[in-house]
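Chains as they are written, first to last, in this note's numbering: chain W, 1 to 177; chain U, 178 to 492.
All C-beta atoms, glycine included, are put in the ideal place defined by N, C-alpha and C.
Since the structure is predicted, the reported quantities are computational estimates derived from the model, not experimental observations.
Reading through the structure tokens given below for one structure.
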């Protein structure tokens, strides 16, 4: 197991992503942050509080559960369904930023786009990921990336966040083969 | 989990996870999204060899909200009324590619027979078999109790529930006794001795013949329908006497605890086991049971038709 991002690295990456989101969207007025449970939701909260601090306006984040929209439901054991909470502003005609911890096959994000489509029609949908580990199976790309981590498919990336795991850390487990 | 045949087969963890899944699915139904793509392309057959309103409509609504294809099939108007056996019916369903069969049958054990046989490969959901079990009803009752008494996602520890009336013929009572006691509630059965089954003393519940002595101490009063269609003998002298001793009327309701609720699985015999003013009172959660039924049945279909056992956590 090797540590890819330490707690200060994660903090810096999230701060940079927050600034990039503001830069790209020219401020915070139209953005809606939606985290994908479980860890994406906590990351979305962190980004929301950093943006609120920078811009001096209160930004709220929501969560978007994608379990019911997955394309592998017949293949895997059913996952527990997590809550979906949309901020009161809604997503209609907003710039929605999806936040997830690890971007891998891209299938989670495809499901998230389907789930989002059921809720409304945002003006744009953007994607922020703490880690992009490659190996995409779908034509999906992140707009904001904390760190690109080249990995082998046989490895796994473990993200720990202090809100649920007691500390911040990203590590790579398993051997390259 | 492949089949839902009886509460007895369900662990406490499985039961709680179905209820928790139903909470999230209920939120979906409340929100803007009424339809989910989750079971798109799957076929669910409602095989109702016995009459039903609520359960059949509820399973149909649940399957449709998850985008499954639904085939409804009742004894009247099908070859069952021509004497076709359960085996031949099941093989027909298999040939049509049913992924799940929701079965209601007047014979106890019909669902089990269908699941144990090699007649079909799909999941079997027991929607009531004779006087044996009605697991989806018990789950929706537990869901309603949890929601109404503000218990969040916890179990039912510390609660007291009275199940009152025709216990003998009630599959709802059997499933509820098993489930509610599994979830930690204390269950008391209230009925005349003639309407209690043989062996009731081995159930995880206490028994009382005196409704008035039980009612002030319970959080939930669950009334059962007097199943006259299953009664081949005299079980009580007359309806008025039954009503006086075991019916819930507004006078008796006054002695209920503050916040206690009245439930009934339906269909009701208004004026026999429950008076009309009680059924329509603010304590009654009877229509809410119907609403919750759809969410709970969505959760059951989700768990059965997505393979494997339910994981904890969402990552």
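Own chain, CB closer than 6 Å to residue i, minus 5 neighbours either side, in chain order
i, result
"residue 24/W", "none"
"residue 184/U", "312, 315, 352, 355, 356"
"residue 10/W", "168"
"residue 153/W", "135"
"residue 366/U", "340, 344, 382, 384"
"residue 236/U", "223, 279, 474"
"residue 143/W", "126, 127"
"residue 18/W", "47, 50, 51"
Chain-ordered neighbours of residue i on chain U, where CB pairs are closer than 8 Å
i, result
"residue 44/W", "What residue 44/W touches in chain U: nothing, since even the nearest Cβ is about 14 Å away."
"residue 132/W", "Result: empty, since nearest Cβ-Cβ is about 18 Å, beyond 8 Å."
Continuous beta strand (DSSP E) stretch holding residue i: start and end
i, result
"residue 156/W", "156-160"
"residue 246/U", "246-251"
"residue 33/W", "31-35"
"residue 23/W", "Not the beta strand (DSSP E): residue 23/W falls in the alpha helix (DSSP H), residues 7-25."
"residue 189/U", "Per DSSP, residue 189/U belongs to no beta strand (DSSP E); it is in the alpha helix (DSSP H), 189-207."
"residue 470/U", "Segment 463-482 is the alpha helix (DSSP H) holding residue 470/U; no beta strand (DSSP E) there."
"residue 364/U", "363-367"
"residue 171/W", "169-173"
"residue 344/U", "Segment: none, residue 344/U is in no beta strand (DSSP E) and carries neither H nor E."
"residue 223/U", "220-225"
"residue 147/W", "144-148"
Chain W contact residues for residue i, given Cβ-Cβ distances below 7 Å
i, result
"residue 213/U", "68"
Reference residue i, options the options, closest by Cα
i, options, result
"residue 252/U", "260/U, 246/U, 245/U", "260/U"
"residue 158/W", "147/W, 166/W, 144/W, 173/W", "173/W"
"residue 337/U", "375/U, 428/U, 437/U, 350/U", "437/U"
"residue 250/U", "399/U, 372/U, 212/U, 282/U", "282/U"
"residue 197/U", "323/U, 182/U, 410/U", "323/U"
"residue 427/U", "236/U, 407/U, 450/U", "450/U"
"residue 110/W", "3/W, 70/W, 35/W", "70/W"
"residue 178/W", "16/W, 1/W, 90/W, 79/W", "The requested residue 178/W is not part of the displayed model; chain W covers only 1 to 177."
"residue 5/W", "133/W, 139/W, 138/W, 141/W", "133/W"
"residue 415/U", "350/U, 460/U, 369/U", "369/U"
"residue 225/U", "481/U, 245/U, 307/U", "307/U"
"residue 342/U", "420/U, 272/U, 263/U", "420/U"
Alpha helix (DSSP H) segment containing residue i, residue limits
i, result
"residue 352/U", "348-359"
"residue 232/U", "231-242"
"residue 456/U", "453-456"
Same chain, Cβ closer than 8 Å to residue i, five either side skipped, listed in chain order
i, result
"residue 378/U", "384"
"residue 295/U", "none"
"residue 463/U", "439, 440, 441, 443, 445, 456"
"residue 394/U", "337, 434"
Per-residue contacts from residue i into chain W (C-beta, under 9 Å)
i, result
"residue 202/U", "68, 81"
"residue 480/U", "78"
"residue 197/U", "80, 81"
Neighbour list for residue i in chain W, Cβ cutoff strictly below 8 Å
i, result
"residue 194/U", "80"
"residue 483/U", "73, 74, 76, 77, 78"
Under 9 Å from the C-beta of residue i: neighbouring residues of chain U
i, result
"residue 114/W", "214"
Cut-off 7 Å between Cβ atoms - residues of its own chain near residue i, not counting five sequence neighbours on either side
i, result
"residue 52/W", "58, 59"
"residue 299/U", "275, 276, 277, 278"
"residue 83/W", "63, 65"
* Where are the beta strand (DSSP E) runs, 3 residues long or more, that stay fully inside the segment 376-437 of chain U, in chain order? -> 383-385, 397-400
* Asked: Along the chain, which unbroken stretches of the beta strand (DSSP E) at least 3 residues long are found entirely within the segment 272-322 of chain U?
  -> 277-282, 300-306
* To do: Go through the segment 50-132 of chain W residue by residue and report every complete run of the beta strand (DSSP E) that reaches 3 residues or more, in order.
  => 61-63, 95-103, 124-132
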